[in-house]
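First comes the structure, then the notes that go with it.
Number of protein chains: 2
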Amino acid sequence: MGKQDRIILDGMGGDHAPAVIVEGAALASWLIDNTICIVGDEKVLSAELTRRKYDAKKIEIIHAEEVISGDEAPVRAVRTKQRSSIVVGMNMLKDGEGGVFVSAGNTGALMAGGLFILGRIRGIDRPAIASTYPILSGGVSLLVDTGANAECKPNNLLEFALMGSIYAEKVLNKRNPCVGLVNMGTEETKGTTVVKAAYELLAKSRDTVGGLNFVGNIEARDVPHGTVDIVVCDGYVGNVILKLTEGLAWSIFQLIKRKFTSDALSKIGALLLSGKLSELRNAFDYSEYGGAPILGVKGAIVKMHGSSNAKAVKNAIIRALPYMKNEVVRHIENAILDLEVTGDIE
Amino acid sequence: MGKQDRIILDGMGGDHAPAVIVEGAALASWLIDNTICIVGDEKVLSAELTRRKYDAKKIEIIHAEEVISGDEAPVRAVRTKQRSSIVVGMNMLKDGEGGVFVSAGNTGALMAGGLFILGRIRGIDRPAIASTYPILSGGVSLLVDTGANAECKPNNLLEFALMGSIYAEKVLNKRNPCVGLVNMGTEETKGTTVVKAAYELLAKSRDTVGGLNFVGNIEARDVPHGTVDIVVCDGYVGNVILKLTEGLAWSIFQLIKRKFTSDALSKIGALLLSGKLSELRNAFDYSEYGGAPILGVKGAIVKMHGSSNAKAVKNAIIRALPYMKNEVVRHIENAILDLEVTGDIE
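Right under this line is the structure:
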């Protein structure tokens, strides 16, 4: 494997860095063939590594002495901290010294770095964050955008649908994945001005080259049922869907815990069900699903949750492989050219 | 009690009308002192009534031969069907022949009827639908708007906060209820242009006469935790929150059912926990919480879910009493005058 097959991992980003990042890399090193380059303070990372078992052939450390913290102003941080793990890692990606950049760091800095260092894909107006969403059947769907763009224009939503479809096909192994637009009802006359106009664009895109499999409007209740493979909405609504799911699942599990331990009989029942209860919790555990791709820039970036644990880091690294190998970025570049030719995006 | 204390009930609105509506009224008739006027086709309603036990002193039928169905264009329906149960009921409310109008009918027609027949409260630009939301501790919070206004201006969100605060205080018995604005993060610099401007207005309103107890931005994950008493957002986002909660709770309960019946041991566990499991389901059962008030028009309207069962109808009738008795509409009229005096609403 060449340099371009390496996974570049931000060793310093996230609430529990570098410990859980290094731990995640160590776990992944036994499971993959690719080399993981952990970017960050060499001394600190080496010390973390020596404490762990890992496949020494698969892990390298790339020194970067600066760190962009979670609360720094993103654009300024990316411009001034040229020796930060995010900027160093992103430059490696740009220079072909790796095929994907995985980070639990400052989301804004990852977006800014993606835009300034890698650049937007031609024809994509607004890059987006796409998050996997656990559905009832046990699989996942993809939610785009989940926070990069609070306000969107109709063609941004079309771009999200297009990029999400390619990611779902190439990484989540969905065949001819279907797209739904989040609205207040399934009728096409419903919703905000932007959503109504996006509906028109999406409907038209069914007929273009490599057209989208757009099924129409969906209601938020359809999201957990997994009615569609790609759920399209602006970043404000996507953030609401993601955070509410987190909060509500947590609330329901708290309530279950409280109710199931409130008397002796219930405790026995809960004991008999303990295996099933942890399966249930796992179904809503985001660390199972790896990170969220930032789509629309000229390079594969995976954003992990800031509070990721080692399992989440390991899973994000593994999920990053098909994102890189199956050339999602190049497929998006081609698809957007097709759309331009047919005149849907100006 | 006078005519103005009567509860006007739309006998013909909703998926299961008139049967469940009449059943709900019959159940409520034993529990309240007020008279319930059921509006709709006299023959049909009488036939439904005779099949049930009810307190005959408390139920009257008011004839209205037309029905506005769920899929009719609202404005046109209200203008042309003058003898529909919605228009007849709303006119009774306007004429003081009752103190509140409760309906499971066409939401758009209820909004249109509210605007055309009752009229907006002076100073309120956009009436809103406020829905109760079950929270972890066992109570409810209030979500405004949940679907009347897909797009909002900043001052609309301020109005929602004001109306919601009054309803929460007078009907849900919350003292000095606190208001949160749904955003993508708690920092005041986050979110859409409208949300940022609404934040400014809400923050300023803390200092005005009878000022709001505005605690700032909240994330969607805070909603089920009950961090605030009144959750303010536009109708598109409110609809997403309500529908996603419905869909996700349903999904989790489906998953519980599937897991807890997958083997013999689990079935025994589930049997021991069956009481707790139904308590859990009830916590997310919207029929427990009655209907949603339409706030901002010159009369008390309660909108029930279209699929309401008899228990939901009964609960909506009971919840409608403090809405009427505690003069929520008059308190909103006064509060908005106070705000106008201090110049927050133009």
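As given, the protein sequences belong to chains Z and F, one line each in that order. For the first sequence, the numbering used here assigns the number 268 to the initial residue and increments by one for each residue that follows. For the second sequence, the numbering used here assigns the number 268 to the initial residue and increments by one for each residue that follows. Glycine is no exception: its CB is placed at the ideal position from the N, C-alpha and C atoms. Remember, predicted model here, so these are calculated numbers, not experimental data.
- Between the C-alpha atoms of residue 338(Z) and residue 450(F) there is a straight-line separation of about 17 Å.
- A distance of 9 Å or more separates the beta carbons of residue 416(F) and residue 308(F).
- Going by beta carbons, residue 411(Z) and residue 505(Z) fall inside the 9 Å limit.
- Spatial neighbours of residue 465(Z) in its own chain (CB-CB distance under 7 Å, excluding positions within 5 residues in sequence) are listed in chain order as 421, 424, 425 and 448.
- Sequence-distant Cβ neighbours of residue 363(F) in its own chain, meaning closer than 6 Å and more than five residues away, are 271.
- Going by beta carbons, residue 395(Z) and residue 368(Z) fall outside the 9 Å limit.
- When the Cα atoms are used, residue 389(Z) and residue 299(Z) turn out to be separated by approximately 32 Å.
- Within chain Z, the residues whose beta carbon sits less than 7 Å from that of residue 492(F) are 514 and 518, listed in sequence order.
- Note: residue 570(Z) is bridge-paired with 370(Z) and 559(Z) in the DSSP secondary-structure output.
- Counting of Cβ neighbours within 10 angstroms places residue 301(Z) among the buried residues, the total reaching 16 or more.
- Contact between residue 540(F) and residue 533(Z) holds: their C-beta atoms lie close to 6 Å from each other, under 8 Å.
- For residue 536(Z), no beta strand (DSSP E) segment is defined; the enclosing uninterrupted segment is the alpha helix (DSSP H) at 531–539.
- Closest in alpha carbon position to residue 295(F), among 587(F), 605(F) and 591(F), is 587(F).
- Counting the other Cβ atoms within 10 Å of the Cβ of residue 512(Z) gives 16 or more, which makes it buried.
- Our two residues, residue 569(F) and residue 595(F), have alpha carbons roughly 12 Å apart in a direct line.
- Within the region 284–355 of chain F, the complete alpha helix (DSSP H) segments of 4 residues or longer fall at 286–296, 309–317 and 341–347, listed in chain order.
- Residue 481(Z) carries a strand assignment under DSSP once its states are collapsed to helix, strand and coil.
- DSSP places residue 409(F) within a strand segment (E or B) once states are collapsed to three.
- The beta carbon of residue 571(F) does not come within 9 Å of any beta carbon belonging to chain Z, so the residue lies off that interface.
- Under the three-state reduction of DSSP, residue 589(F) is assigned to helix.
- One thing to note: residue 353(Z) has its Cβ within 9 Å of the Cβ of residue 376(Z).
- Residue 549(Z) is classed as exposed because its beta carbon has fewer than 16 other beta carbons within 10 Å across all chains shown.
- Comparing alpha carbon positions, the residue from 462(Z), 473(Z), 313(Z) and 599(Z) closest to residue 438(Z) is 599(Z).
- Considering only 452(Z), 509(Z) and 604(Z), the residue with the shortest C-alpha distance to residue 484(Z) is 452(Z).
- With respect to residue 509(Z), residue 400(Z) sits close: the two C-beta atoms are nearer than 9 Å.
- A straight line joining the alpha-carbon of residue 517(F) with that of residue 522(Z) spans about 15 Å.
- 9 Å or more divides the Cβ of residue 409(Z) from the Cβ of residue 603(Z).
- With the criterion set as a beta carbon lying under 8 Å from some beta carbon of chain Z, the members of the region 464–492 of chain F are 486, 487, 488, 489, 490, 491 and 492, in sequence order.
- The C-alpha of residue 342(F) is placed about 14 Å away from the C-alpha of residue 334(F).
- With a threshold of 9 Å between beta carbons, residue 504(Z) makes contact with chain F.
- With respect to residue 385(F), residue 536(F) sits apart: the two C-beta atoms are not nearer than 9 Å.
- Here residue 316(F) is near residue 289(F), since their CB atoms are less than 9 Å apart.
- DSSP places residue 491(F) in the uninterrupted alpha helix (DSSP H) bounded by 489–492.
- Think of a sphere of 8 Å around the beta carbon of residue 427(Z): no beta carbon from chain F falls inside it, the nearest being about 16 Å out.
- Straight-line measurement puts the Cα of residue 383(F) at about 18 Å from the Cα of residue 275(F).
- Comparing alpha-carbon positions, the option among 542(Z), 564(Z), 546(Z) and 583(Z) lying closest to residue 556(Z) turns out to be 583(Z).
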